[in-house]
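Q: Below are the structure tokens for one structure; questions will follow.
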Amino acid sequence: MLVLIRGLPGSGKTTLAKKITREDGFVHLEADMYFTDEKDEGYQFEPSQLGVAHLWCQKQTLMHLKQGHSVVVSNTFTQVWEIRPYQRMAKQCSAKLDIYECGGTFDNVHNVPLDKIEAMRKRWDVLPRDLKKHLKSLKN
Numbered sequence: 000m001l002v003l004i005r006g007l008p009g010s011g012k013t014t015l016a017k018k019i020t021r022e023d024g025f026v027h028l029e030a031d032m033y034f035t036d037e038k039d040e041g042y043q044f045e046p047s048q049l050g051v052a053h054l055w056c057q058k059q060t061l062m063h064l065k066q067g068h069s070v071v072v073s074n075t076f077t078q079v080w081e082i083r084p085y086q087r088m089a090k091q092c093s094a095k096l097d098i099y100e101c102g103g104t105f106d107n108v109h110n111v112p113l114d115k116i117e118a119m120r121k122r123w124d125v126l127p128r129d130l131k132k133h134l135k136s137l138k139n
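Residue numbers (numbering that gives the first Met the number 0): 0 to 139.
In structure tokens, the structure reads:
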């Protein structure tokens with residue numbers, strides 16, 4: 000199974016991913032992990048490496064899916080094209096795909112500037128029909 004969690008910084012993506020990981024035994028991945036050391040300490044964001052970080056996240060996701068693990072990926076996924084590689088991976092590995100959208104307003108742990116968050120909000124894509132069918136409600 001592949002779960003994608005999308006949302007703006009501070010919306011609760013990582014919190015939800017950690018809950019899924021803890022309760023259901025999923026492997027948790029996100030591009031931000033590329034910028035931390037192996038002990039999950041010392042976050043050092045480097046904007047020029049963001050593309051590399053997302054490719055790393057995709058490769059890790061595919062590797063874990065091929066090994067038969069369930070994976071939860073929490074990234075902003077503001078635009079549909081960012082979701083498409085994961086949709087293809089799920090299909091390639093015959094994994095069920097679920098998508099959650101987080102809309103909370105909490106402190107963003109990486110101190111993303113408000114102007115950057117607003118730019119992300121402006122480019123937010125509504126999911127097209129082929130992806131909307133994978134959208135799950137956060138209300139339980």
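We put the CB at the ideal spot given by N, CA and C, even for glycine. The structure displayed is predicted, hence computed values, not measured ones.
Measuring straight from C-alpha to C-alpha, what distance separates residue 123 and residue 95?
A: Counted from its first residue, the sequence shown places residue 123 at position 124. Counted from its first residue, the sequence shown places residue 95 at position 96. Computed Cα separation, rounded: 24 Å.
Q: Hey, is the stretch 46–59 in contact with the stretch 1–11, meaning 3+ C-beta pairs nearer than 8 Å?
A: No: fewer than three Cβ pairs fall under 8 Å.
Q: With a CB to CB cut of under 6 Å and the five nearest residues on each side skipped, what residues in its chain are close to residue 74?
A: For the purposes of this step, residue 74 is identified with residue 75 of the sequence shown, where counting begins at 1. Here the set comprises 29, 30.
Q: Hey, could you find the ends of the beta strand (DSSP E) residue 72 is sitting in?
A: Translated into positions along the sequence shown, residue 72 becomes position 73. Per DSSP, residue 72 belongs to the beta strand (DSSP E) from 70–73.
Q: For residue 117 versus residue 6, is the C-beta distance shorter than 8 Å?
A: On the sequence shown, residue 117 is found 118 positions in, with the first residue counted as 1. On the sequence shown, residue 6 is found 7 positions in, with the first residue counted as 1. Not in contact: residue 117 and residue 6 (Cβ atoms no closer than 8 Å).
Q: Do residue 2 and residue 129 have their beta-carbon atoms positioned less than 8 Å apart in this structure?
A: Mapped onto the sequence shown, residue 129 falls at position 130. Mapped onto the sequence shown, residue 2 falls at position 3. Result no, Cβ atoms of residue 129 and residue 2 do not sit closer than 8 Å.
Q: What's the call for residue 64, buried or exposed, on a 16-neighbour Cβ count within 10 Å?
A: One-based indexing of the sequence shown puts residue 64 at position 65. Label assigned to residue 64: buried.
Q: Within the same chain, show all residues whose beta-carbon is closer than 8 Å to that of residue 79, passing over the 5 residues directly before and after it, in chain order.
A: To locate residue 79, count along the sequence shown from 1; it is residue 80. For residue 79, where only same-chain residues beyond five positions count, the Cβ hits under 8 Å are 124, 126, 127, 130.
Q: Which stretch, first to last residue, makes up the beta strand (DSSP E) that contains residue 5?
A: As a working mapping, residue 5 is identified with position 6 in the sequence shown. Run containing residue 5: 1–5, per the beta strand (DSSP E) assignment.
Q: Which residues mark the beginning and the end of the alpha helix (DSSP H) in which residue 114 is found?
A: In the sequence shown, the residue the question calls residue 114 occupies position 115. It spans 113–121 - the alpha helix (DSSP H) in which residue 114 sits, taken as one unbroken run.
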